[in-house]
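Residue numbers (UniProt numbering): 1 to 73.
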């Protein structure tokens, strides 16, 4: 998967699961990784994508809880 495809998938997943990300943002996730000594931005991006996929998977398993969360905005 090239970087453009990764960015597109990240964008799509973020739109779908954005409420569950609080308090994490991509920027805070990246800053945290850099503070821990990780400097490979491609690896950090892949980890962010992996995390978004796991959040989406959790959302798909718990749709009733997610509906309630949406009503809390």
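The C-beta atom is built at its ideal place from N, Cα and C for all residues, glycine as well.
query: Do the CB positions of residue 33 and residue 11 come within less than 9 Å of each other?
result: no
query: Counting Cβ pairs, one atom from each stretch, are 3 or more of them under 8 Å apart for the segment 57-64 and the segment 21-33?
result: no
Other residues of its chain near residue 15: CB distance less than 7 Å, five sequence neighbours each side excluded: none
- request: Measure the alpha-carbon distance for residue 18 versus residue 55 and round it to whole angstroms.
  value: 9 Å
field: Three-way DSSP call (helix, strand, coil) for residue 36 in this model
entry: coil
field: CB contact flag (residue 45, residue 6, <9 Å)
entry: yes
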